[in-house]
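Undergrad:
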Amino acid sequence: MLNPDGLYFAYLRKSREDREAELQGAGETLARHEKALEDLAHTLGITIAKIYREVVSGETIAARPQMICMLNDVETLRPDGVLVTEIPRLARGDTRDQGLLMETFKYCGTKIITPSKTYDPTDEFDEEYAEFGLFMSRREYNSIRRRLMNGKTASAKEGKYAGSLAPYGYTKYKLPDGKGYSLQIVPHQAQIVHLIFEMYLNGTPETGNKPSGASAIARTLNGLKIPPPRSDQWSPSSIQTILSNCVYAGFIRWGHRKTKKVMKNGSLTRTHPVQPDCLVVPGLHSPIISPDVWESVQLLHKKKSRTPPFLDTGLKNPLAGILYCGRCRKAMIRRPGKGGDSSGYFICRTPGCPTCGSDFSLVEKGILTALSSWLQNLRISDLPAPSSEDSPDILTLSLASRKASVCRLKKQLDKTYTLLETGVYSPEIFRERSGTLNQQLESELSIIESLEQKLPRQNDPNKVSKKAENLPLLSIYSDLSVEDQNALLKELLLRVEYTKDIRGTKNNHPKFHLRIYPKIVGNTD
1 MLNPDGLYFA
11 YLRKSREDRE
21 AELQGAGETL
31 ARHEKALEDL
41 AHTLGITIAK
51 IYREVVSGET
61 IAARPQMICM
71 LNDVETLRPD
81 GVLVTEIPRL
91 ARGDTRDQGL
101 LMETFKYCGT
111 KIITPSKTYD
121 PTDEFDEEYA
131 EFGLFMSRRE
141 YNSIRRRLMN
151 GKTASAKEGK
161 YAGSLAPYGY
171 TKYKLPDGKG
181 YSLQIVPHQA
191 QIVHLIFEMY
201 LNGTPETGNK
211 PSGASAIART
221 LNGLKIPPPR
231 SDQWSPSSIQ
241 TILSNCVYAG
251 FIRWGHRKTK
261 KVMKNGSLTR
271 THPVQPDCLV
281 VPGLHSPIIS
291 PDVWESVQLL
301 HKKKSRTPPF
311 LDTGLKNPLA
321 GILYCGRCRK
331 AMIRRPGKGG
341 DSSGYFICRT
351 PGCPTCGSDF
361 SLVEKGILTA
371 LSSWLQNLRI
381 SDLPAPSSED
391 SPDILTLSLA
401 SRKASVCRLK
411 KQLDKTYTLL
421 ETGVYSPEIF
431 RERSGTLNQQ
441 LESELSIIES
451 LEQKLPRQND
461 PNKVSKKAEN
471 LPLLSIYSDL
481 SVEDQNALLK
491 ELLLRVEYTK
501 DIRGTKNNHP
511 KFHLRIYPKI
521 VGNTD
């Protein structure tokens, strides 16, 4: 029996089948499911206190923010039950996700309530029945995913376009026979694609009739105010993507970047490495460039490019996540040097940013010199203990939570553009939705800036003393691996901002300015 005065939640999530049904005019899924669960609660004589509406599609619990929120509330509030339309709506992840879900419900004494049955995880038979349902849902998920991928591969082999978004210069349309999609040329974008290949191969009046690299082409297109596919400005990577995409020569490429799951530091991460042996077949669509131009560009690109180290994915930059541009506030990147030079140099890749690059070794030496000098003069102060609400641990957790919210909002914002391009959102709905998300994003970024300014001022004397005892590690910096160098610097530094306005030459290295934000707070003599 259910307690009429108990605390009950409801969890709603769309499946892939629901999304396909919505496109066919079946109505909004979450609204129908919410009505069904409200009717079920009324029949059982209970009241739903909170409803969790999952609007993202994720295989794992970690990819579902509302599921994470619900599990946290289950642990904290220990509700009497959670209403859901069916067991598979809760989890289709691996056994680890299913185990986490069942253990949370079991040890919190929370029932799973569906229209067909109420499961009590504390009961041995109900627990076994629920686990079997989760197992079958995972099996069904893998079967659906396998059939879907096999269908897309078969479609690609027939020359149809199986990707979700059409490449720049094309629009995706459904074939007349009703099975599969192909690509149709967008004339004004196709002219830009022609221009990009021509600038790279032979040069145009816009580039002084000289062949240009990806960076120069991006600057030229930005200067001509030509809108890019899905961002504010053209970047070298977007130009490289166009130049290396065989779709423009009339081919279909499938499996070029397969998702690869890798365990790192106990957590599962996804990578998308390039697959040299991917499927390439003639497509049904019309090419934008000729086969001769395509082959010439690929030969030129091969001469200019160095072979990508597919097997060597280790960290190469000890200042990764530390060095930022003092102008645009974006991360500086390390570009490998030519002729086997292992050091390379730092550059800011933001288009239009006036910051000039510098030699890697000079920047690294400048940071180490400044840091060593600062540490030698450091005097630990007896600072008052921080208040509980401003403690470093709480601030760090709050900062991590806000950053996660920023990532979630950016993904939502990207999705609104996709929904606009595919016709799901009207321009009015897009403007309303994107405006709301931008306001939320600005609010989160403002809070993050406030927390980051507050965090460096916090000082636990015990922690500072412990770090002070480990300062001799800086003397063995050169003997450490790149990963260990990066970890050591991140223990001592929050960030370093780099500024340089004058471009150097081979024999002239203008000075650059470094602003260092240390983690250790104290006074210097």
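All the letters of the sequence shown, read from the start, carry residue numbers 1 to 525 under our numbering.
Even glycine gets a Cβ: it sits at the ideal position worked out from N, Cα and C.
Beta carbon of Ser405, beta carbon of Glu452: below 7 Å?
TA: Cβ distance not < 7 Å, so Ser405 and Glu452 don't count as in contact.
Undergrad: Just to confirm my understanding: we take His285, look at its own chain, exclude 5 residues before and 5 after, and list those with CB closer than 6 Å. What are they?
TA: Cβ neighbours of His285 beyond the five flanking positions: Ser182 and Leu183.
Undergrad: The beta strand (DSSP E) with Pro282 in it runs from where to where?
TA: Run containing Pro282: Leu279 to Pro282, per the beta strand (DSSP E) assignment.
Undergrad: Mapping the DSSP letters down to three states, classify Leu299 as helix, strand or coil.
TA: DSSP places Leu299 in helix when its eight states are reduced to three.
Undergrad: Which residues does DSSP pair with Ile48 in a beta bridge?
TA: In the DSSP output, where bridge partners are listed per residue, Ile48 has Tyr8.
Undergrad: Around the C-beta of Tyr248, are 16 or more other C-beta atoms found within 10 angstroms, so that it is buried, or is it exposed?
TA: Buried, by the Cβ-count rule.
Undergrad: Per DSSP, which residues does Arg495 bridge with? Please list them.
TA: Per DSSP, Tyr517.
Undergrad: Suppose you measure from the CA of Ile51 to the CA of Ile322; what does that come to, to the nearest Å?
TA: Approximately 41 Å between the Cα atoms of the pair.
Undergrad: Given a threshold of 16 other Cβ atoms within 10 Å of its Cβ, counted over all protein chains shown, does Val262 qualify as buried or as exposed?
TA: Label assigned to Val262: exposed.
Undergrad: Which same chain residues, not among the five before or five after Ala130, have their C-beta less than 8 Å away from its C-beta?
TA: Excluding residues within five positions, the ones whose Cβ falls inside 8 Å are Ile87, Met102, Ile112, Tyr119 and Pro121.
Undergrad: Quick one: what's got a C-beta closer than 8 Å to Met1's C-beta in the same chain, skipping five residues either side?
TA: None.
Undergrad: Which ranges would you report for the beta strand (DSSP E) in the region 91 to 172 if only whole runs of at least 3 residues count?
TA: Listed in chain order, they are 111 to 113.
Undergrad: If I'm right that Leu441 touches Leu409 with Cβ under 8 Å, what's the distance once you round it to whole angstroms?
TA: Right, the Cβ-Cβ distance comes to about 5 Å (below 8 Å), so this counts as a contact.
Undergrad: Closer than 8 Å by C-beta to Ser116: which residues in its own chain qualify, once you throw out the five before and the five after it? Chain order, please.
TA: For Ser116, where only same-chain residues beyond five positions count, the Cβ hits under 8 Å are Glu86.
Undergrad: Using a 10 Å radius around the Cβ and a threshold of 16 neighbouring Cβ atoms, would you call Glu389 buried or exposed?
TA: Here Glu389 scores only 45 on pLDDT, less than 50, and its place in the model should not be relied on; the value that follows carries that caveat. Label assigned to Glu389: exposed.
Undergrad: Give the straight-line distance between the Cα atoms of Gly344 and Arg334, rounded to the nearest whole angstrom.
TA: For Gly344 and Arg334, the distance between alpha carbons rounds to 7 Å.
Undergrad: Closest by CA to Thr526, which one among Val274, Glu34 and Ala156?
TA: Because the chain here runs from 1 to 525, residue 526 falls outside it and cannot be looked at.
Undergrad: What span of residues does the alpha helix (DSSP H) with Ser237 cover, start to end?
TA: Note, Ser237: alpha helix (DSSP H), Pro236 to Leu243.
Undergrad: When the Cα atoms are used, what is the spatial distance from Lys527 to Arg89?
TA: This structure cannot speak to residue 527, because the chain is shown only from 1 to 525.
Undergrad: For Cys325, does the count of other Cβ atoms within 10 angstroms reach 16, so buried, or fall short, so exposed?
TA: Cys325 is buried by the Cβ-count criterion.
Undergrad: Could you please give the first and the last residue of the uninterrupted beta strand (DSSP E) stretch that includes Phe197?
TA: Segment Pro187 to Leu201 is the alpha helix (DSSP H) holding Phe197; no beta strand (DSSP E) there.
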